[in-house]
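Chains as they are written, first to last, in the working numbering: chain A, 2 to 148; chain B, 36 to 689.
Structure, as structure tokens:
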Amino acid sequence: MSRVQAPEILSVDEQDVAFYADDKSLLFTGTGKLAKRLSNTERFLLAFAYGVRYGSPMPLKKKTSYVRMEYIDLDTKAVVMAAITAFRKGDVSVLLDQSAVWDLAEQFAHEGVQLIRQQEAYKRGAMIEELEAFVVTEMDNGSNKHA
Amino acid sequence: MRIDEIRLTGYRQYRKAVLCLPQGHPGDLHIVVGRNGLGKTNLMNAIEWCLYGTESHLSGKNEDGLLDISHQPPRGVAPSEKTSVCVDVTFVGGDGQTCHGTFERVRTNSAGHPKTHFSFSTMTTAGSKIYADEDAKLWVERFIPEGMKDNYFFDGEHLAVFFKGNDPGHLKNALWKLSGVALLGLVEEHLGELVRDLQKKVGAKIPDIKVLTDQVEEDKDLLRQEQLDLKTAIKDKETATDALEIIAQKLRDAPPATELKDRQAELETKQAGLRQRLSQERAERNVVVCRLFVVAALLQDLADFQTRLVGMEERREIPPPIDGSILKRILEQDLVCICGTKFEKGDEHFEALSELLERVREKSEFQEVLPPQLRSQVPALLRAAEEQKVALLKSRQTIAEISDQQLDVEKQLDAIHNTLVGHKVQEIANLERQRVQMQQRLYASGKDEDRHSGRIGKLEDVLADLSKQIEAAAKRGKETQEISRRMGIVNRAMDVVKDAKGERELEVRGAVARDLNESFRDLMWKKDSFDEATLDSNYVVHVRDDLGHEALGSLSTAETQVAAIAFTLALHRVSGYEGPMVIDTPFAVTEGELRKHMAETLASLSRTKQVLLMLKDTELTTEVEPAFAEVTASQWVLNNGEYEKETVIKESVS
Numbered sequence: 002m003s004r005v006q007a008p009e010i011l012s013v014d015e016q017d018v019a020f021y022a023d024d025k026s027l028l029f030t031g032t033g034k035l036a037k038r039l040s041n042t043e044r045f046l047l048a049f050a051y052g053v054r055y056g057s058p059m060p061l062k063k064k065t066s067y068v069r070m071e072y073i074d075l076d077t078k079a080v081v082m083a084a085i086t087a088f089r090k091g092d093v094s095v096l097l098d099q100s101a102v103w104d105l106a107e108q109f110a111h112e113g114v115q116l117i118r119q120q121e122a123y124k125r126g127a128m129i130e131e132l133e134a135f136v137v138t139e140m141d142n143g144s145n146k147h148a
Numbered sequence: 036m037r038i039d040e041i042r043l044t045g046y047r048q049y050r051k052a053v054l055c056l057p058q059g060h061p062g063d064l065h066i067v068v069g070r071n072g073l074g075k076t077n078l079m080n081a082i083e084w085c086l087y088g089t090e091s092h093l094s095g096k097n098e099d100g101l102l103d104i105s106h107q108p109p110r111g112v113a114p115s116e117k118t119s120v121c122v123d124v125t126f127v128g129g130d131g132q133t134c135h136g137t138f139e140r141v142r143t144n145s146a147g148h149p150k151t152h153f154s155f156s157t158m159t160t161a162g163s164k165i166y167a168d169e170d171a172k173l174w175v176e177r178f179i180p181e182g183m184k185d186n187y188f189f190d191g192e193h194l195a196v197f198f199k200g201n202d203p204g205h206l207k208n209a210l211w212k213l214s215g216v217a218l219l220g221l222v223e224e225h226l227g228e229l230v231r232d233l234q235k236k237v238g239a240k241i242p243d244i245k246v247l248t249d250q251v252e253e254d255k256d257l258l259r260q261e262q263l264d265l266k267t268a269i270k271d272k273e274t275a276t277d278a279l280e281i282i283a284q285k286l287r288d289a290p291p292a293t294e295l296k297d298r299q300a301e302l303e304t305k306q307a308g309l310r311q312r313l314s315q316e317r318a319e320r321n322v323v324v325c326r327l328f329v330v331a332a333l334l335q336d337l338a339d340f341q342t343r344l345v346g347m348e349e350r351r352e353i354p355p356p357i358d359g360s361i362l363k364r365i366l367e368q369d370l371v372c373i374c375g376t377k378f379e380k381g382d383e384h385f386e387a388l389s390e391l392l393e394r395v396r397e398k399s400e401f402q403e404v405l406p407p408q409l410r411s412q413v414p415a416l417l418r419a420a421e422e423q424k425v426a427l428l429k430s431r432q433t434i435a436e437i438s439d440q441q442l443d444v445e446k447q448l449d450a451i452h453n454t455l456v457g458h459k460v461q462e463i464a465n466l467e468r469q470r471v472q473m474q475q476r477l478y479a480s481g482k483d484e485d486r487h488s489g490r491i492g493k494l495e496d497v498l499a500d501l502s503k504q505i506e507a508a509a510k511r512g513k514e515t516q517e518i519s520r521r522m523g524i525v526n527r528a529m530d531v532v533k534d535a536k537g538e539r540e541l542e543v544r545g546a547v548a549r550d551l552n553e554s555f556r557d558l559m560w561k562k563d564s565f566d567e568a569t570l571d572s573n574y575v576v577h578v579r580d581d582l583g584h585e586a587l588g589s590l591s592t593a594e595t596q597v598a599a600i601a602f603t604l605a606l607h608r609v610s611g612y613e614g615p616m617v618i619d620t621p622f623a624v625t626e627g628e629l630r631k632h633m634a635e636t637l638a639s640l641s642r643t644k645q646v647l648l649m650l651k652d653t654e655l656t657t658e659v660e661p662a663f664a665e666v667t668a669s670q671w672v673l674n675n676g677e678y679e680k681e682t683v684i685k686e687s688v689s
């Protein structure tokens with residue numbers, strides 16, 4: 002099996018562009034000088050993580066270039082690699098096909114956007130509190146587990 | 036009444052002279068003869084000056100003219116200082132006893148300040164008495180009143196033109212003065228003034244007491260109403276004052292709304308700040324949550340991935356990267372050297388070795404996919420997540436604190452809001468409104484009080500004034516009645532005076548007319564030529580000839596003089612002032628037969644009246660002397676004296 006290179010630019014689905022650009026979205030709170038916003042990569046990663054956690058890969062209907070791979074930081078890469086490896090039942094060799102890896106990442110992110118939109122519409126502001134509670138719980142569990 | 040003596044001291048030419056005029060019999064004619072310039076006229080003027088303080092020929096000059104002659108003494112005689120002028124004129128009554136007195140006018144000039152003294156001294160059987168100035172003048176009026184003097188002292192030439200112009204006003208005035216008609220006229224005039232004055236007083240409108248009383252009642256009603264209104268205003272003012280005091284007390288007790296509002300504003304500011312901080316904190320928290328969510332969601336995957344990578348490394352499943360050209364050289368060259376045999380494709384050993392080498396190469400590709408940095412990134416990511424978790428917890432705490440603060444502020448704001456919108460605020464607002472209303476009421480009642488007080492004051496003044504008017508009207512009513520009564524008396528008196536004046540005038544005019552005719556006929560020598568001399572109702576003298584024609588204008592000089600003397604005599608008799616007749620140069624304008632007739636007339640006149648004639652020496656002619664021979668009581672001659680410009684009087688012995 003020969004190694005396949007990662008794409009130069011990551012894509013998102015065309016209908017997800019508005020979600021990524023919406024600074025007023027619940028998850029990207031803050032306005033004016035006090036605005037604390039996630040970077041494009043972080044937004045992509047959040048959607049990806051949400052998709053991985055609560056969904057399954059969803060193929061993109063129409064790809065739209067979103068962020069160049071050269072701007073993807075090591076954190077993002079590590080997270081994506083770990084998640085895809087886990088998704089492939091621990092088969093690390095899957096990572097050798099970087100194209101497939103990032104294609105899957107794009108699909109999970111697409112799924113994540115859909116799920117977040119649904120939750121936002123459904124929870125109406127309580128979503129962040131749920132996320133927070135989840136984070137704290139998971140981090141506590143993780144700390145205990147990995148201590 | 037006649038002149039008994041004349042004494043002159045320092046008067047004009049007369050340094051010191053005495054002229055005695057004793058009553059003669061059968062005639063009382065006195066003659067003074069002198070040349071022109073010796074002082075005949077001044078002798079007559081001296082009498083006038085003594086009695087009246089004036090000289091007819093000095094009209095327009097002041098009395099200083101009397102001092103213009105200085106009598107220089109002859110050589111060898113020391114000059115005496117001329118310090119005074121004095122003229123004494125002694126009058127006697129008809130009997131020489133009933134009235135006898137001397138008028139004396141003395142003029143002194145001391146240090147340039149002329150001073151005149153006039154006196155009258157009586158010498159009767161009762162004794163002597165001296166009257167000065169005004170009192171002395173009253174005595175003059177008893178002898179020859181000043182208004183009549185022109186009818187006693189004549190210039191002969193004046194007699195000749197006595198009727199020239201025949202001025203009835205002059206005759207009328209003279210007659211009225213002499214007869215008392217003028218006095219009655221004066222009384223009538225005064226009475227008329229008195230009547231007019233009384234009419235003015237009566238004519239002034241007297242206010243109707245009934246109208247005034249009605250006005251008083253009306254004003255009293257108004258006053259009562261104003262007093263009631265004033266009481267109401269004062270009560271209203273007191274009520275408003277009390278209410279204001281109560282409101283002020285309540286407002287003092289009420290919570291200060293302004294402080295609450297200030298506190299509210301302060302809390303609202305704080306609340307806004309907290310809201311902003313909370314928003315900021317939440318935004319930060321959200322970002323952290325989002326970042327942590329990635330780690331938390333994939334925590335297990337990351338841990339597994341880390342473990343797996345560590346295992347692979349330990350098992351050396353991640354060899355260093357191998358270049359494909361090296362494997363190709365091994366297969367194609369190195370194996371031949373080692374084995375000494377060239378392997379071809381399809382050879383069993385070659386294929387096995389190629390597969391082995393390929394697997395080694397594939398393994399080495401992990402080094403590209405999972406470089407050491409990436410492999411070490413997972414633990415770093417987990418550590419960073421732990422740190423962010425701490426920050427998240429801190430952020431949660433901060434958010435909780437801010438929320439608590441917000442709650443606290445909200446509670447305070449609610450409390451303030453409740454206070455502000457509560458009943459006390461409403462009460463304060465009501466009190467403020469009431470205070471404004473009460474202040475307005477206080478102001479209005481104060482104004483009412485002032486207005487009513489002012490009106491009451493004015494009404495009281497008006498009532499006092501009306502009361503005075505009523506009192507005055509009542510008094511005026513009585514006064515008017517009294518004045519009307521007096522006016523009736525005065526009117527009756529005026530009627531009496533008018534009647535008396537009319538009667539006296541008629542009587543006097545008639546008497547003068549009769550006496551004039553009688554004297555004229557008695558004195559006139561042409562008794563057949565003239566029918567009568569009359570005085571008409573307009574006081575115009577008429578002389579009618581035997582044919583009844585007016586002849587006054589055609590009379591000769593002597594005849595005119597006779598008519599004038601006749602008229603004057605009539606005036607003397609009617610007036611009762613039987614004074615002397617002094618004539619200066621009576622024959623100056625007549626001569627010959629006429630002079631003779633004139634002399635005879637004067638001689639005849641001297642039989643009933645004192646006659647003093649001043650004659651030029653040229654007048655005492657043969658036509659005159661025979662007529663005067665029998666009736667002349669004394670005759671005097673004027674001559675130059677010893678002193679320069681001095682005239683001396685000497686009695687002539689005929």
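Quick reminder that beta carbons are idealized off the backbone N, C-alpha and C, glycines included.
All figures in this text were calculated on a predicted structure; none of them were measured in a lab.
- Within chain A, the C-beta atoms nearer than 8 Å to that of leucine 416 (chain B) come from Asp76, Ala79, Val80, in chain order.
- DSSP assignment within the stretch 27-86 of chain A yields the following whole alpha helix (DSSP H) runs of 4 residues or more, N-terminal first: 41-55.
- Rounded to whole angstroms, methionine 36 (chain B) and arginine 549 (chain B) show a C-alpha spacing of 23 Å.
- Taking 8 Å as the cut-off, the beta carbon of isoleucine 491 (chain B) is found no closer than this to the beta carbon of leucine 295 (chain B).
- Take the alpha-carbon of methionine 140 (chain A) and the one of threonine 304 (chain B): they are about 38 Å apart.
- When Cβ pairs closer than 8 Å are counted between the two stretches, the stretch 51-68 of chain A is seen to touch the stretch 116-126 of chain A, the count reaching three or more.
- Collapsing the DSSP output to three states places leucine 43 (chain B) in a strand.
- Taking the beta carbon of alanine 87 (chain A) as reference, the chain B residues within 9 Å of it are Leu333, Gln335, Asp336, Leu337, Asp339, Phe340, listed in sequence order.
- For valine 345 (chain B), the closest Cβ of chain A is not nearer than 8 Å.
- Leaving aside the five residues that flank aspartate 170 (chain B) on each side, the residues in its chain whose CB is nearer than 8 Å to its CB run, in chain order, Phe155.
- At a Cβ-Cβ threshold of 8 Å, alanine 601 (chain B) and leucine 558 (chain B) count as neighbours.
- Taking the C-beta atoms as reference points, glutamine 99 (chain A) is found nearer than 8 Å to glutamine 6 (chain A).
- Chain B places a beta carbon closer than 8 Å to that of alanine 50 (chain A), counting this residue as a contact.
- It is roughly 16 Å from the alpha-carbon of aspartate 277 (chain B) to the alpha-carbon of arginine 468 (chain B).
- In this structure, serine 502 (chain B) and methionine 183 (chain B) do not form a Cβ contact; the two beta carbons are roughly 60 Å apart against a cut-off of 8 Å.
- With fewer than 16 other Cβ atoms inside 10 Å of its own Cβ, arginine 350 (chain B) counts as exposed.
- Assignment of alpha helix (DSSP H) within the stretch 558-636 of chain B, counting only whole runs of 4 or more residues, yields 592-610 in chain order.
- Within the model, the alpha-carbon separation for histidine 384 (chain B) versus glutamine 402 (chain B) is close to 28 Å.
- For the stretch 403-414 of chain B, residues whose beta-carbon sits nearer than 8 Å to a beta-carbon of chain A comprise Glu403, Val404, Leu405, Gln408, Leu409, Gln412, Val413.
- Nearest to glutamine 58 (chain B) by alpha-carbon distance, out of B:Ile38, B:Val67, B:Asn77, is B:Ile38.
- Residue nearest to valine 547 (chain B) within the set B:Val576, B:Leu258, B:Thr653, B:Ser669 is B:Val576 (criterion: CA-CA distance).
- With contacts defined by Cβ atoms closer than 8 Å, glutamine 412 (chain B) and leucine 75 (chain A) form a contacting pair.
- At least one CB atom of chain A sits nearer than 8 Å to the CB of arginine 326 (chain B).
- For proline 355 (chain B), the secondary structure class from DSSP, reduced to helix, strand or coil, is coil.
- Residue B:Lys212 holds the alpha-carbon nearest to the alpha-carbon of arginine 539 (chain B) among B:Arg579, B:Asp168, B:Thr157, B:Lys212.
- Here the stretch 650-658 of chain B makes contact with the stretch 620-640 of chain B; the two share three or more CB pairs at distances below 8 Å.
- Between leucine 56 (chain B) and the set B:Gln670, B:Leu551, B:Phe197, the nearest pair of CA atoms involves B:Gln670.
- Counting only the Cα atoms, isoleucine 463 (chain B) lies some 20 Å from threonine 274 (chain B).
- Tyrosine 49 (chain B) is bridged by DSSP to B:Tyr46.
- If you draw a straight line from the Cα of glycine 136 (chain B) to the Cα of isoleucine 524 (chain B), it is about 41 Å long.
- Here cysteine 374 (chain B) is exposed, its C-beta having fewer than 16 other C-beta atoms within 10 Å.
- At a cut-off of 8 Å, the C-beta of glutamate 303 (chain B) has no neighbouring C-beta in chain A.
- Below 8 Å, enough C-beta pairs join the stretch 321-334 of chain B and the stretch 76-93 of chain A to call them touching: three or more.
- Fully enclosed alpha helix (DSSP H) runs of no fewer than 4 residues occupy 191-195, 203-214 of the stretch 182-229 of chain B, in order along the chain.
- Only Glu397, Glu400, Phe401 from the stretch 370-401 of chain B bring a Cβ to less than 8 Å from some Cβ of chain A.
- For valine 95 (chain A), the CB contacts under 8 Å within the same chain, skipping 5 residues up- and downstream, are Ile85, Thr86, Arg89, Ala101, Val102 in chain order.
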